[in-house]
Structures are given as C-alpha cells and as structure tokens.
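Peer 1: Which chain is which? The protein sequence lines are A and B, in order.
Each residue of the first sequence is one higher than the last, beginning at 1 in our numbering.
Each residue of the second sequence is one higher than the last, beginning at 1001 in our numbering.
All C-beta atoms in this analysis are idealised placements derived from N, C-alpha and C, irrespective of residue type, glycine included.
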Amino acid sequence: MAAITKSFPGVRALDGVSFEVTAGEVHALVGENGAGKSTLMKILAGAYTADSGTIEIDGQRVSIDGPKAAERLGIGMIYQEFNLVPDLGVIENIVLGIEPTRGLFLDAQAATERATAVLVELGITLPLDRLARRLSVAQQQLTEIAKALVRHARLIVMDEPTAALTDRETDALFALIAKLKATGVAFVYISHRLEELPRIADRITVIRDGRAIETRPASAMPPDDVIRLMVGRALEAHFPELPSVAPDAPLRLIVRDLRAARNVNGVSFEVRAGEIVGLAGLVGAGRTEIVRAIAGADVATGGQIAVDGKPVAVRSPHAAIEAGIALITEDRKAQGLVLGMTVRENTTLAHLAAYSRGPFINRAAEVGVTNHEIAELQIRTPSSEQIVKNLSGGNQQKVVLAKWLTGDAHVFLFDEPTRGVDVGAKAEIYMLMLQLLARGAAIVMVSSELPEVLGMSHRILVVRDGKIAAEFSRADATPAAVIAVAAGVVAA
Amino acid sequence: MTPPDTPPESVHEVKAALDARAGDALAKQKRQAALRIGIALVAFIALIVVVNALTAGDFFTAGNLTNVLRQITYNAILAVGQTFVIITAGIDLSVGSLIQLTGVVMAQFANASGLGGPVLVIATTIVGIAVGCCAGLVNALPVVRLNLPPFITTLAMMLMARGLAFKLSHGQPVPLKSDAFDALGTQYALHDLLAPFGVPGIPWAVLVMLTVVIVFAVVLTRTRFGRYVLALGGNEEAARLAGINVRLVKTFVYVISGGCAALAGMLLMARFSSGSPQTGVGSELQSIAAVVVGGTSLMGGRGSVVASFFGALLIGVLNNVMNLLNIESYTQDIVLGAVILLAVMTEEIRKRVFAR
C-alpha cells in the first residue's frame, strides 16, 4: 500500500499511509484508538475505497472495490467481531458463499472434503457439525482462519486476535500463525497488546493521527519505544483551564465495589462536587459498562452507589434520573435521541412531568425551556420544531445535553462526549462542562481520545478488564504512563 | 470558540427571538395543516360529486351517508387501538377474535345478570371492556417481559379467543333477552333536531365512535403517555434511558387495543341484538389496513388517530360505493387491496419527494 489517504466529513482519517508486507511476514500495526488502523484495514477489505493512493499485490497494481474483490485478490479479513453465521455449522460457515454444488443442489460431501482438507493442513480439529454460536471464541477464530484459507488467502488481516483468548489459546494461535508463515502467507496484525508483539511480529509500524510514523523490525522496537511513538505529540492546547477542586468539596458520587454482568468487576471511586474524573482505557476495557451500570442502563449485580452521601438503588434509568444522575451516552443516534422527533420533544423527554399539568403536556412551557436551551447551548437549529435528524452531529449532541440540563441532575456521566463532532462544537462542549462544575456538578468522563482525558480531567482512572488498574492525578498523568497501564505493559 | 461566559443579555435576546420565531413556526404549521385539510376537503367533495354521478344520486343521501358512518364504526374503533400498537412497531392480530369473544361473554352476562335499562348497558360494557383489557394484558406480558414478537403473542390470542368464543356459545349466536341495547344498536341521537331537515339523526354508535376517536387523539397528541408511545416507537433504547418505563407504556398500548376491540364488540352486539361467535372474523386485517391507509408507519414512531379514522372512512366509502354500483364482492376485494397498496406507495413517494 502506498500513500493511502482517506477522508471522512470533517476528519482526515488516513493521511498518506504507506507500508508493505512481504510473503511469510507478520507485520504489526499499532496505534491509539482512532489513529486510523481500522480505516486502513477496511480499505484493504474493500469496505471503504481510498480517496487516493495505490495498492499493489505481487507487483500488480490492483483496485479493491468491494469485499468480493478483496477475496479474489487473496486478502482474508478476521475482524474482532467475527463474521460467522451463528446458526450454521462449522463447515457451512467455512464454505459460505462458495458452496460446492451438484446441479441445483448443495454438495455436502464436497463441502466437507474442502473444509477438512484445510483443517488437516492447519493441523487443527474443530467440531465440524456444531453451530457457530456454540463454538468457543478460539474455535470461532479458527473457523474464520479456515474460511480465509479455503478462499486461498495469501494475506490475512487480523484485528485484535488475542483480545478474548486465554494464554493457552494465544499460544496455539501463535503456533498456527508461525506454521502459515512458513507456507508464505503474510499477516497484518493489529493489536493493542504491546507485550505480545516481540513474540509474534517481524516488523512493527506505528500509526498516529492517520500517518505511518515509523516502521522497524520488531527486535529493534521495544514496547517503550512503541508507546513513545504512539503518543508522541504534545497535548493540544485547546482545552480550557480547569478550576481546581476545593479539598473539602462534598463527595457527590461514591461508587463502591460496583459489579455488572458485562465487564464491571468491582469498581470503586468517588467524585467531588466541581471535579471531573476521566476514565481512560482501551476499547472493551469496561469504561462504558461502568458508567452504564451507574446510570441504571445496565443492571448492576453488586456494589453500592451513593449520591450526596445517600445510597441509591439504581435498578432502572428512571431511578438514576430521580437520584440526579444523567448519562450522556456514546452513541447518540442509537441511545440518546429519538431522531424522528423535534428538538423540543427530545429536550423535554426525560423530564416531561415538569412540563405537564396532570397528564397533559403544556406545550408553551416546553417551547419556553427548549428555546432557553437552544440559546444557552447555541444549538444551530431554525426552531424548536426542527426534527433532530436534520441537525449536524455537534448540534445533535447539544440536544442530548439539553435534555439532561433541563433536569436537576448534578452527577453527569459523559461517554465519549465529543465523538464525531467538529472542533468548534468540541470546545463548546468543554465550556459547558466547566459551567456544570461551577454549578457544583460532579462529572465522570469516558473518552478514547487520550489528550481529551488528560486535558479535561482532574483525576484519571485507567480501566482494564473491568477494574480500575491505576489512578493518576492530573499532574502525574503522562500519555505514556496511561497507555502503559491500559495496554497491560506495566502492572499498576 | 465561545467565550466562557456568554453575557446573559445575549442569551435572553436569542431566546426572545426564538420564542417569536416559535410563534411563526407554529403559525406556519397551522397554515400548512389548514391547507392540507382544504385540499383533502376539495378532493373529498370532488370524489362525492363523481361518485354521486356514478351512482345516480344514491350515494349523497342522508340515509346512505349515515349508513356509511355506521358501517365504519367498528373498524374505526379497532383502528384507534391498532394505531397505538403500530406506533410502537407492534401489531395486534387478536382484535377480530376479541370482538367475537367479548360479544359472546357480554351477551351471556347480560342475559344472566337480571339487570335492565341503562344499568345493564353500563355493567355489560364494563364486563366486556374488562375482558378485552385482560386479553390485551396477556398479549403484552410476553412481549415486554420476554421480548417475544407481538405478531406471535397476538396470533396465539387470536386463536385462543376465537376458540373460547365458540366454546362458550357452542357455536351459536347468543340472542339478547333485554331490549336495553336497542338504542345503541339502531336508534338515533338528535332525532328531533335533525328530523325537519330530512335527516334521521346521528346513530348513537357513531357518537360513541367519534368520542373514542377524539379522546384517543387527545391522548396521543397532548398527554405524556402519548408522547412516550411515540418516543418508544421512535427509539426504544433512548426512551428507556430517558427514564421512561417502556414496559409499562407498551403494556398499556395492548390493553387499550383490547379495550377498543371490546367496545367494537359491544356495538356489534347491540346492532344485531345478539353476541355472535361469527361476527368480526378478519376484522384485525381491516383495522390494520385503515391504520396503514391513514399513513401510520409499520416501523413505528409516527402515527395519528385521526388519520386512521380517515383511513377507515375511506375504506368504508369505497365499500359503500362499490355496493351501490353492484360490484360483486370478489371484485371489491381486488379493488380494496389495490387501493391499500396505492395509498401506502403514494405516501412513501410523497415522503421521498419532500425529503429532497
């Protein structure tokens, strides 16, 4: 791949990235969340097309204009979320889309032969007639690999292949990769687990802000160097000055030994009035799950939560709202807004009783409070009656904020508050957080943008495996230190 | 970048301007609504003129129009409940069978109660609505608790209610002993007022229907419950995270639909002076047709009770005109199917044109 560039509205996700993989090589790609790894991978898979740049395979210039084309060119993709059909068996999944047929009918015999041939070649055994949904994660992964090889893949791209594997399964996977390397298969290996790279990678390329920063043989790139290259930029200066927290400020939110079914394994922390606590960590570390459990969006299975010293049982989002907790979710389209409703209807949705007389809604009161928030938050909309679907991402996000500002919440949980919004709207959202602090609110902020966490938090908690792995004060937190804990390179 | 503390004056100014503009926006909405109603009226009058010419004047008579209204009563009431269900992206297939079941139960109750007069009517109606609401509750519980598709739970209810209606009545209509229901079934309100104009009055059943339509139109557009129904139909997860008890709201929606079916069952029983396990078969599809013709999206999130009423009216007028023209019933089904398809396609095309 040479000089690949890809832009999305408002962002340049890839900016002239070049790199190459030779036959029988494992080339690792590392970078922060949002550095551009996934975009690059999707271009290889034919899910996106590059705006500019060239791709050559075996010296031939090719264009990959769809998943089928990628497959034809011998590129196999193994995503973190597997692409198996859960209700089909192993064999059916392996031959999916290229089923051998006899006349009009499927040829089960031939399918079995083809699948077993590959599995024998790999030297692995799988329960062939078991449904994909019943396979373990490792078995699903092996099925994916077999699926790629049946299609004669010469280059296999793997995204976080070890994220859900046990140590033994990881060892087996690495052995398999070594075996395939020997037959000339090349790998692009994307991983956050920096400590495993020396074992598996031949070369490492660090990607940052959509650029390939440096490529070196793995032996010449210890994890410390990788981290330095990954973060290697000064904190951007567009964060406002955070007012300091009074040492005797009351504890607004106390979380003790919080547990939830998914990825929250005993979390304890507290937030004072006027304080922002940032939750850093890798995607899938459990940050979102923690704030969702606090807000009652997911059911907590254990632990205590107290707001202003009073214990609250947050069994539902309603209970959390009653207790003064507001969750600004990461996916505003799926969770934050009713897109087909107006700015007014979305703004008042969480506190409709306050704008009602008995069962009847007082529309004038609704319009009044909505217009107040539109003016206060500078939401760019023609009127309170605009359908929110028609607003830009930043303005949609402000409508979500308006919804929670109209109530009397004083604990705000922001999950990726600035994802997908432009720089101007970002700055406005930061300002708004400061205003909330001035009112005595406590804020918990989850963000995958490390500069944002470091620039907008009084304290930083690093989350790993659903637990708080380390705590940094604002002064001590350096990007390298945070990433090292998050990626598991150093113990907390 | 915004200055950290915007001077309060400017916020007030912006808000004042917005408030003024909100008035404009509302006025514009009203003008547009008036325009739409105007166009609809003109189209309707044109239709009546054409239809009237075709039927040699048989259509536009007080007697016939009253008849149309009376005929759509049942479907319109069913469509009101169905509208609520469909806004939540659900469906209620049980309403036809609930007409059968509640009709039989009410007739048996009325005959056994020993009451008479208005007391009997009220008591019977309460019993019927209670049965309908309970059936709605049974429809809803597996949907909200186990996430079963409403298509399945209401299909099961459709079979069970129909079977129960036949079992209770041994397959025979249950004639009413009392004549207390005759007023609702056959008589007219405002008879003395309208008689001089050659109009027999407004059937009581039609008044009941109009009341139901107006009450639930207000519930949907003006109350918190109605807003919650629309919100959870538009985005259930966002509604849940906004603290709305989506399970409760959804449950109520099916209970309303069951209650509406019982009310339709009561009016049909009054009309025929008997509760029959045969009446109402297939009316669930008629009610869905009325809702869809009225422009409510099966995907949920949007819908209007009044529009569903007009959907039922349109279907009723079509049936009536085709009867007057002596079109055989097989052909009527073909035409009706085509009209439903056309109505939905027109709506979709209109949306796409406006979206540009």
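Taking the C-alpha atoms as reference points, what is the distance between T1346/B and N1323/B?
Peer 2: Taking the first residue of the second sequence as 1, we reach residue 1346/B at position 346. Taking the first residue of the second sequence as 1, we reach residue 1323/B at position 323. So the two alpha carbons sit approximately 26 Å from each other.
Peer 1: Using a 10 Å radius around the Cβ and a threshold of 16 neighbouring Cβ atoms, would you call S38/A buried or exposed?
Peer 2: Within the first sequence, the letter at position 38 stands for residue 38/A. Label assigned to S38/A: buried.
Peer 1: Does the distance from the CB of V495/A to the CB of A115/A come in under 9 Å?
Peer 2: Past the boundaries of the shown model lies residue 495/A; chain A is included only from 1 to 492, so the question cannot be answered.
Peer 1: Which first and last residues belong to the beta strand (DSSP E) in which D1192/B is found?
Peer 2: Residue mapping note: residue 1192/B aligns to position 192 of the second sequence, counting from 1. Here D1192/B belongs to no beta strand (DSSP E); instead the alpha helix (DSSP H) covers H1191 to L1194.
Peer 1: Note down, in chain order, each residue of its chain lying with its Cβ closer than 8 Å to the Cβ of A234/A, except the 5 sequence neighbours on either side.
Peer 2: As a first step, residue 234/A must be located in the first sequence, where it is residue number 234. Bear in mind that a pLDDT of 47 at A234/A, under 50, signals an unreliable position, so the number given afterwards is only what the model happens to contain. If we look at A234/A and ignore the five residues flanking it on each side, it has no Cβ neighbours.
Peer 1: Does any residue of chain E have a CB that is nearer than 9 Å to the CB of K1015/B?
Peer 2: The chain inventory of the structure shown lacks chain E, comprising the protein chains A and B.
Peer 1: Distance check for I1349/B and A110/A, CA to CA, integer angstroms please.
Peer 2: Locating residue 110/A in the first sequence gives position 110, counting from the first residue. Locating residue 1349/B in the second sequence gives position 349, counting from the first residue. So the alpha carbons of these two residues sit roughly 48 Å apart.
Peer 1: Does DSSP classify E169/A as helix, strand or coil?
Peer 2: Along the first sequence, one-based indexing puts residue 169/A at 169. If DSSP states are grouped into helix, strand and coil, E169/A belongs with the helices.
Peer 1: Taking the beta carbon of N1147/B as the centre, do at least 16 other beta carbons fall within 10 Å, making it buried, or is it exposed?
Peer 2: Mapped onto the second sequence, residue 1147/B falls at position 147. Classification of N1147/B: exposed, given that the 10 Å Cβ count is below 16.
Peer 1: State the start and end residues of the unbroken beta strand (DSSP E) segment that holds H1170/B.
Peer 2: The residue you call residue 1170/B lines up with position 170 of the second sequence. Here H1170/B belongs to no beta strand (DSSP E), and DSSP marks it neither H nor E.
Peer 1: Any beta-carbon of chain B closer than 9 Å to the one on E345/A?
Peer 2: Here residue 345/A corresponds to residue number 345 of the first sequence, with the count starting at 1. It does: the Cβ of E345/A has a partner Cβ on chain B nearer than 9 Å.
Peer 1: What do you get for N1320/B, buried or exposed, if any count of 16 or more other CB atoms within 10 angstroms of its CB means buried?
Peer 2: Indexing the second sequence from 1 puts residue 1320/B at position 320. By the 10 Å Cβ count, N1320/B comes out buried.
Peer 1: G1038/B and G1132/B - do their beta-carbons sit closer together than 9 Å?
Peer 2: By 1-based counting over the second sequence, the position of residue 1132/B is 132. By 1-based counting over the second sequence, the position of residue 1038/B is 38. Not closer than 9 Å, so no.
Peer 1: Distance, Cα to Cα, G394/A vs V343/A?
Peer 2: In the first sequence, the residue the question calls residue 394/A occupies position 394. In the first sequence, the residue the question calls residue 343/A occupies position 343. Straight-line Cα distance between these residues: approximately 13 Å.
Peer 1: F1225/B versus chain A: which residues are under 7 Å apart at the beta carbon?
Peer 2: Position 225 of the second sequence, counted from the start, is the residue given in the question as residue 1225/B. Per Cβ cutoff of 7 Å: P359.
Peer 1: How about N265/A and G296/A: are their beta carbons less than 9 Å apart?
Peer 2: As a working note, residue 265/A is residue 265 in the first sequence. As a working note, residue 296/A is residue 296 in the first sequence. Against a cut-off of 9 Å, the Cβ pair of G296/A and N265/A comes out as no contact.
Peer 1: Looking at C-alpha atoms only, which residue of R168/A, A293/A, I177/A and L119/A is the closest neighbour of G24/A?
Peer 2: In the first sequence, counting from the first residue as 1, residue 24/A sits at position 24. It is I177/A.
Peer 1: Tell me whether G1300/B sits in a helix, a strand or coil according to DSSP, three-state version.
Peer 2: The residue given as residue 1300/B occupies position 300 in the second sequence. It is coil, neither helix nor strand.
Peer 1: How about L352/A and I361/A: do their beta carbons lie closer than 9 Å?
Peer 2: The count along the first sequence starts at 1 and reaches residue 352/A at position 352. The count along the first sequence starts at 1 and reaches residue 361/A at position 361. Contact flag set, yes.
Peer 1: Starting from A1239/B, follow the alpha helix (DSSP H) in both directions and report where the run begins and ends.
Peer 2: Here the question's residue 1239/B lines up with position 239 in the second sequence. Unbroken alpha helix (DSSP H) run through A1239/B: E1236 to L1241.
Peer 1: Candidates V1213/B, I1340/B and T1296/B: which alpha carbon is nearest I1256/B's?
Peer 2: Counting from one through the second sequence, the residue named residue 1256/B turns up at place 256. Nearest option by C-alpha distance: V1213/B.
Peer 1: Looking at the C-beta of A300/A, does it have a partner C-beta in chain B at a distance below 9 Å?
Peer 2: Sequence index remark: in the first sequence, residue 300/A carries index 300 (1-based). With 9 Å as the cut-off, A300/A does not count as an interface residue toward chain B.
Peer 1: If we ignore side chains and look at the alpha-carbon of each, how far apart do F82/A and A28/A end up?
Peer 2: Translated into the one-based positions of the first sequence, residue 82/A becomes position 82. Translated into the one-based positions of the first sequence, residue 28/A becomes position 28. Near 20 Å, if we compare the C-alpha coordinates of A28/A and F82/A.
Peer 1: Listed in chain order, which residues of the stretch 1298 to 1309 of chain B have Cβ atoms closer than 7 Å to some Cβ of chain A?
Peer 2: The residues in question are G1301 and R1302.
Peer 1: Can you find a C-beta in chain B that's less than 9 Å from the C-beta of A402/A?
Peer 2: Looking up residue 402/A in the first sequence gives position 402. No, A402/A lies away from the interface with chain B (no Cβ there is under 9 Å from its Cβ).
Peer 1: Can you tell me whether DSSP reads R315/A as helix, strand or coil?
Peer 2: In the first sequence, residue 315/A corresponds to position 315, counting from 1. Coil at R315/A, not helix or strand.
Peer 1: In the DSSP output, which residue or residues are listed as bridge partners for D415/A?
Peer 2: By 1-based counting over the first sequence, the position of residue 415/A is 415. Looking at the DSSP assignment, D415/A forms a beta bridge with V446/A.
Peer 1: Could you give the first and the last residue of the continuous beta strand (DSSP E) run that contains E471/A?
Peer 2: Here residue 471/A refers to the residue found at position 471 of the first sequence. Taken as a continuous stretch (DSSP letters only), the beta strand (DSSP E) holding E471/A covers K467 to S473.
Peer 1: Can you round the beta-carbon distance between S1304/B and G1294/B to whole angstroms, since I take them to be within the 8 Å contact cut?
Peer 2: On the second sequence, residue 1304/B is found 304 positions in, with the first residue counted as 1. On the second sequence, residue 1294/B is found 294 positions in, with the first residue counted as 1. Right, the Cβ-Cβ distance comes to about 7 Å (below 8 Å), so this counts as a contact.
Peer 1: In chain B, which residues lie with their C-beta within 9 Å of the C-beta of P317/A?
Peer 2: Working through the first sequence from its first residue, we reach residue 317/A at position 317. Here the neighbours are R1240, L1241, A1242, G1243 and I1244.
Peer 1: So, helix, strand or coil for K1177/B, using DSSP?
Peer 2: Within the second sequence, residue 1177/B is the residue found at index 177, counting from 1. Here K1177/B sits in coil by DSSP.
Peer 1: How far does the alpha helix (DSSP H) with Q1286/B in it reach, from first residue to last?
Peer 2: Taking the first residue of the second sequence as 1, we reach residue 1286/B at position 286. That run of the alpha helix (DSSP H) goes S1283 to V1293.
Peer 1: With 7 Å as the limit, tell me which residues of the stretch 1056 to 1071 of chain B have their beta carbon closer than that to any beta carbon of chain A; keep them in chain order.
Peer 2: From the stretch 1056 to 1071 of chain B, no residue has a Cβ closer than 7 Å to chain A.
Peer 1: For the beta strand (DSSP E) containing L204/A, list its first residue and its last residue.
Peer 2: Here residue 204/A refers to the residue found at position 204 of the first sequence. Residue identity check: residue 204/A is Ile in the sequence provided, not Leu. Residues R203 to R208.
Peer 1: Check whether the stretch 190 to 205 of chain A touches the stretch 450 to 469 of chain A, counting contact only when three or more Cβ pairs, one atom from each stretch, lie closer than 8 Å.
Peer 2: Taking 8 Å as the limit for Cβ pairs, the verdict is that the stretch 450 to 469 of chain A does not touch the stretch 190 to 205 of chain A.
Peer 1: Quick one: which unbroken alpha helix (DSSP H) runs of 4-plus residues sit fully inside the stretch 1084 to 1139 of chain B? Chain order, please.
Peer 2: You should have 1095 to 1113.
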